Amino acid sequence: MKVIISPDKMAAYVILPEEGDFSVRELTEALSRAGVVFGISPNALRSALSGKRGVPYQVAWGLRPEEPKDFSSSGVPVLVSRFPQSRGKPPRVFTVDEDFRSKWGQLLARGSVREGSVLAFVRNPDNSAIGTTVTGEKVAPFAKKPEIVYGENASLSRDGNLVLAKRSGIPYTDEGGPAVLDRVEIVGNIGSLTGDVHFPGDIVIKGDVSRGFKVTAWGAVMITGTLAGSVSCAGNIVVEGGIKSTGEIVESGGKVSARFCENSVVRAIGDVVFHEAVVHSLVETEKRLIVTHEKGKIVGGLVRAKVGVKAPAVGSLMGVPTVVEVGISPKLRREYSKLKDDLDSVRSEIERIARLGLASRSRGNNRQYDSLRLQRMRQMLEDKERSLREKIASLEDMLKSVRGGFFWADEVLPGTKLVVGLETFEYRSPAERLRIGVIDGEIR
């Protein structure tokens, strides 16, 4: 008995010798030994047994893959965009003029995506049936997987059925496929003509940000002028001018850098770097604060840096109060300060109730009622006081175990208060080349 498999493995044949008797079972076993396991027809086997010997009989048929139904004529999968309203690449540069708000609104109306979001998907990716050979092998509808075209800041999912955003921004589709605009430029000042500005990516402002106006971004913000308003973004903030955001807040999920900082509140996760000065400001960072100019200074206000502070000069000859705190996360310091303020408030309330209790004794009517009410209030406040003391003690134990933090200054002037961990140093006279850090648990 001879078994023949076609070159494309879509058919199998048997040729029986002139002599000998065979059964359907024996033919099936012979096919199995030859690797034929799919599409075997019992009727075809019986026909081969009863037919002429020495000639081939087809006894197994493979299943050919179906023609794809949701692919273009060129064999490229049809993509369905999740943002059909955003066709064509949007402009990257916007000039501040009377039409700015309208143009900016049209940009944002296209939609927004974060990194990893789905831009488009293949329509019915499994709509084309996979074929199977007589030897049991699977056959795809295409000999080579068709390519899906996509544009900037986009990529394919692992299964090849989704186009994903590689960056946050504005989604769009053009001849290059689904893509993301992740960066825009605004030429002009952020102010009355623009209103507050939000962009789901990186934004470059070639001008100033006026006081009372806010810029928010999912990425980084760069300002070539002065920042007098507020900025909140997940990335870095770079201000080529200075930060003069009185009454505003500047918040960054990355780094902050500027020429100077004056009368402002700045918070950052990364390093904060100023070239010239930090004046009467609140600056908080989970990393370092560095003033780079050889005559740079920190004067007035409060600086909190978990890792450390480096500046040529801190404080002033006039004795302006300047507080620098290092070695502990600003978030923990805020929590610690709030707990202590709450404790002071509770203790003041307990004292007030004690005075009211004394006064109530001089009354005639409802004296017993007032006394009971005040006793309950005092008991409640004393319980709260006890809870706050326990929280403060627990937090202090944790803060004492914190290691790290440095303070480097070429000159420390009167009025400077330095807090390293929980240890406090106050300077009433000038000190030069000060190097303080937490080393092996000992402050030196």
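For the sequence shown, the UniProt record's numbering gives the first residue as 1, with consecutive numbering after it.
Just so you know, even glycine gets a beta-carbon here, dropped at the ideal spot from N, CA and C.
These figures come from a predicted structure and were not determined experimentally.
{"query": "Spatially closest choice to residue 265 from 259, 246 and 273, by CA coordinates", "result": "246"}
{"query": "For residue 155: DSSP bridge partner residues", "result": "164"}
{"query": "Reduced DSSP category for residue 463 - H, G, I as helix; E, B as strand; rest coil", "result": "The structure shown does not extend to residue 463, since the chain spans only 1 to 444, so no value can be given for it."}
{"query": "First and last residue of the uninterrupted alpha helix (DSSP H) at residue 24", "result": "24 to 33"}
{"query": "Residue 20 classed as buried or exposed, judged by whether at least 16 other C-beta atoms fall within 10 angstroms", "result": "exposed"}
{"query": "Status (buried if at least 16 other CB within 10 Å, exposed otherwise) for residue 72", "result": "Bear in mind that a pLDDT of 49 at residue 72, under 50, signals an unreliable position, so the number given afterwards is only what the model happens to contain. With fewer than 16 other Cβ atoms within 10 Å, it is exposed."}
{"query": "Alpha-carbon to alpha-carbon, residue 419 and residue 331", "result": "15 Å"}
{"query": "When 88, 210, 405 and 49 are compared against residue 445, the one with the closest alpha-carbon", "result": "Residue 445 falls outside the range modelled here, since the chain spans only 1 to 444, and no answer is possible."}
{"query": "Proximity to residue 203 [Cα-Cα], best of 413, 194 and 186", "result": "186"}
{"query": "Where residue 104 falls: helix, strand or coil (DSSP)", "result": "helix"}
{"query": "Burial state of residue 137, where buried means 16 or more other Cβ atoms lie within 10 Å", "result": "exposed"}
{"query": "Rounded separation between residue 449 and residue 340 - CA only", "result": "Because residue 449 is not part of the residues shown, which for the chain are 1 to 444, the question remains open."}
{"query": "Three-state secondary structure (DSSP) of residue 130", "result": "coil"}
{"query": "The region 180 to 200 in contact with the region 78 to 97 per 3-pair CB rule at 8 Å", "result": "yes"}
{"query": "Whole-number beta carbon distance between residue 225 and residue 207, since they are thought to touch under 8 Å", "result": "5 Å"}
{"query": "Reduced DSSP secondary structure (H/G/I, E/B, other) of residue 282", "result": "strand"}
{"query": "At least three beta-carbon pairs within less than 8 Å, the region 401 to 415 to the region 308 to 322", "result": "yes"}
{"query": "Cβ-Cβ distance between residue 117 and residue 154 below 8 Å", "result": "no"}
{"query": "Contacts around residue 267, its chain only, beta-carbon distance under 6 Å, and the 5 residues preceding and following it disregarded", "result": "251 and 284"}
{"query": "Nearest-angstrom beta carbon gap, residue 271 and residue 287 [assumed within contact, 8 Å]", "result": "5 Å"}
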